[in-house]
Amino acid sequence: MMEEGTVSNQSETLLVHPAVKPLSFLLGTWRGEGQGFFPTISSFNYSEDLQFSHSPNKPVIAYSQKTWNLKSGQPMHSESGYWRPKPDGTIEVVIAQSTGLVEVQKGTYDMKEGAVKLNSELVGNASKVKEISRVFKVENCELSYVVEMATSLIGLQPHLKASLKKL
Ligand code: HEM
7 MMEEGTVSNQ
17 SETLLVHPAV
27 KPLSFLLGTW
37 RGEGQGFFPT
47 ISSFNYSEDL
57 QFSHSPNKPV
67 IAYSQKTWNL
77 KSGQPMHSES
87 GYWRPKPDGT
97 IEVVIAQSTG
107 LVEVQKGTYD
117 MKEGAVKLNS
127 ELVGNASKVK
137 EISRVFKVEN
147 CELSYVVEMA
157 TSLIGLQPHL
167 KASLKKL
């Protein structure tokens, strides 16, 4: 019987690509709620579905999320992208947002902490946003994240905080 995360041969099925195995704690579908804020806007609450999935023959995790206004149920922001972990504990992430903004994020992951920390190397096609940082943490079966942004007027500070449970 093959151990999860090992390389397959022709007769065995690969369950998790070895490059993705340290980030297995993220894989799955998550649902929860978040709050949004920034000095220039009114605070808001949202619900969110978020998915990390992967094909066992690829060293990459596919990421997607959708959000809804908590009161009205109307769709809000959505985004999707690809997470590419490397064996040295660094990670490269690309994200395309429903607003048209694109991000290239670089950072680190820590399997023991269940954490991923990202800072934008590139923010493109954005009228206001200059920088984005994202911190994800999985603890006690809960995925929480904080997204901070800097705009042309305001320095880096939180725009989103959310916590989600695995479905
Ligand atoms: C990294 C992800 C995101 C970025 C970079 C981003 C960027 C921004 C920016 C630049 C503003 C305008 C701030 C200002 O005028 O000073 C804004 C406002 C806002 N954002 Fe986000 N946002 C993100 C994610 C989200 C998500 C996930 C939601 C909803 C769940 C959301 C909902 C809103 C709302 C409701 C406003 C205020 C109204 C508006 O200006 O449309 N944002 N966001």
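Numbering (our numbering), first residue to last: 7 to 173.
Glycine included, each C-beta is placed from N, C-alpha and C at the ideal position.
Considering only the alpha carbon of each residue, which of the options lies closest to residue i?
| i | options | result |
| --- | --- | --- |
| SER104 | LEU29, GLU98 and GLN71 | GLN71 |
| PHE142 | LEU128, PHE31 and LEU20 | PHE31 |
| PRO84 | ILE97, ALA102 and PRO65 | Reading off the sequence, residue 84 comes out as Ser, not Pro. Checked all of ILE97, ALA102 and PRO65; the closest Cα to SER84 is ALA102. |
| GLY34 | PRO93, PHE44, MET155 and VAL22 | VAL22 |
| GLY40 | SER150, ALA132, ILE67 and SER48 | SER150 |
| LEU124 | ILE47, ASP116 and LEU56 | ASP116 |
| SER133 | SER53, ALA156, TRP89 and LEU29 | ALA156 |
| TRP89 | LEU166, PRO81, ASN131 and VAL66 | VAL66 |
| PRO4 | LYS172, GLY161, GLU127 and ALA168 | In the structure as shown, the chain starts at 7 and stops at 173, and residue 4 therefore has no counterpart that could be examined. |
| LEU107 | GLU127, SER126 and ASN131 | ASN131 |
| PRO81 | ASP55, PRO93, LYS92 and VAL99 | ASP55 |
| PRO24 | ALA168, SER126, LEU173 and PRO93 | PRO93 |
| GLY42 | LYS118, LYS167 and LEU173 | LYS167 |
According to the Cβ coordinates, are residue i and residue j closer than 9 Å?
| i | j | result |
| --- | --- | --- |
| GLY95 | THR114 | yes |
| ARG37 | LEU159 | no |
| GLU145 | GLY120 | yes |
| HIS60 | VAL26 | yes |
| PRO164 | GLU148 | no |
| LYS77 | ILE97 | no |
| VAL152 | ARG140 | yes |
| LEU29 | VAL122 | yes |
In this structure, what does DSSP give as the bridge partners for residue i?
| i | result |
| --- | --- |
| PHE58 | GLY34 and TYR69 |
| GLU98 | ARG90 and LYS112 |
| ASN125 | LYS112 and SER139 |
| GLY42 | PHE50 and LEU166 |
Please check the pair residue i and residue j, which I expect to be a contact at CB under 8 Å, by giving their CB distance rounded to whole angstroms.
| i | j | result |
| --- | --- | --- |
| ASN51 | LEU20 | At roughly 40 Å, the Cβ-Cβ gap does not stay under 8 Å, so ASN51 and LEU20 are not in contact. |
| SER49 | TRP74 | SER49 to TRP74, Cβ: 16 Å. No contact. |
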